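Heads up, the thing below is written out as structure tokens.
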Amino acid sequence: MPSNEVIELALRREVKMFPEIAIRELVANALIHQDLTESGTSVMIELYNDRIEISNPGKPFISPDRFIDEYRSRNERLAALMRRLGICEEKGSGVDKVIQAAEVYQLPAPDFRVGECRTTAVLFAHQLVDDMDRNDRIRACYQHCCLRYVMNERMTNQSLRDRFKLPEGKSATVSQIISATLDTGKIKLADLTQISTRYRSYVPFWA
323 MPSNEVIELA
333 LRREVKMFPE
343 IAIRELVANA
353 LIHQDLTESG
363 TSVMIELYND
373 RIEISNPGKP
383 FISPDRFIDE
393 YRSRNERLAA
403 LMRRLGICEE
413 KGSGVDKVIQ
423 AAEVYQLPAP
433 DFRVGECRTT
443 AVLFAHQLVD
453 DMDRNDRIRA
463 CYQHCCLRYV
473 MNERMTNQSL
483 RDRFKLPEGK
493 SATVSQIISA
503 TLDTGKIKLA
513 DLTQISTRYR
523 SYVPFWA
């Protein structure tokens, strides 16, 4: 697995570039949600310098935008067995763990892609917010908003700044990211009567 070497106090230690819990959950999800009726294909794990791609045959039953709050398994017996063996988290909590781990490791938001016959989860290596493109920032904002909501909290400018590890002086930058995400319709104001932009909070479009 890709890793970096960090030298601290004359000691060399290896730091993993990707959180193990995220990889474990994504592999488990690929196994659980694969379409076993498809022949000549299987779960694939591809490692690149800047990302890991984990894919499975078949399209998901629900939209990728709802992976964090909805759950519908194609192979529930296999899912139940893997949960009992401790291979994956409780029902419906796997993607939450992946997104949370990505935030802790300061990674770009995971990308879930649906193709003609495969579903792919992409876990990216560390990247500064200044180096992320517009879609990366919007995806991170939306997923952060979803994560806060399922934790019974609300996304704010400050919480998104904390997610990106940005100082208070970058509030305007974060406001631009929030505004761009609002324009896509993926998030909405939690309280329409709140006038002050400083105290505004946000929820996913489906909340």
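Residue numbering for the sequence shown follows this note's numbering, starting at 323 and increasing by one per position.
Just so you know, even glycine gets a beta-carbon here, dropped at the ideal spot from N, CA and C.
Quick caveat, the model's predicted, so the values are computed rather than measured.
Cβ-based neighbour list, residue i, same chain, cut-off 8 Å, excluding 5 preceding and 5 following
i      : result
LYS419 : ILE343, ALA344, GLU347, GLU411
ILE390 : VAL417, ASP418, ILE421, GLN465, CYS468, LEU469, VAL472
SER523 : ARG476, MET477, THR478, LEU511, ALA512, ASP513, GLN516
VAL349 : VAL365, ILE367, ILE376
SER518 : none
GLU360 : PRO379, GLY380, CYS439
ASP481 : For the record, residue 481 in the displayed sequence is Ser; it is not Asp. Around SER481: HIS466, ARG470, GLU475.
Residue interval of the alpha helix (DSSP H) (run including residue i)
i      : result
ARG302 : Outside the shown range of the chain (323 to 529) lies residue 302, about which nothing can therefore be said.
LEU403 : 398-406
VAL426 : 416-426
ASP484 : 479-486
VAL496 : 493-506
ILE296 : Since the displayed the chain opens at 323 and closes at 529, residue 296 lies outside it and no answer follows.
Endpoints, the beta strand (DSSP E) within which residue i is located
i      : result
GLU375 : 373-379
PHE434 : 433-436
ILE509 : 509-511
VAL525 : 524-526
Cut-off 7 Å between Cβ atoms - residues of its own chain near residue i, not counting five sequence neighbours on either side
i      : result
PHE527 : GLY507, LYS508, ILE509, LYS510
PHE446 : ASP372, ARG373, LEU429, PRO430
ALA423 : PRO341, ILE343, ALA344
Cβ shell of residue i (< 6 Å), same chain only, five flanking positions each side left out
i      : result
GLN451 : It should be pointed out that residue 451 corresponds to Val in this sequence rather than to Gln. Here the set comprises PHE486.
ALA502 : ILE460
ASN397 : ILE354
ASN351 : GLY416
ALA401 : ILE354, SER395
Residues that residue i bridges to, as DSSP identifies them
i      : result
GLU368 : GLU375
VAL444 : GLU375, ASP433
PRO386 : Note: PRO386 sits in no beta bridge, so no partner.
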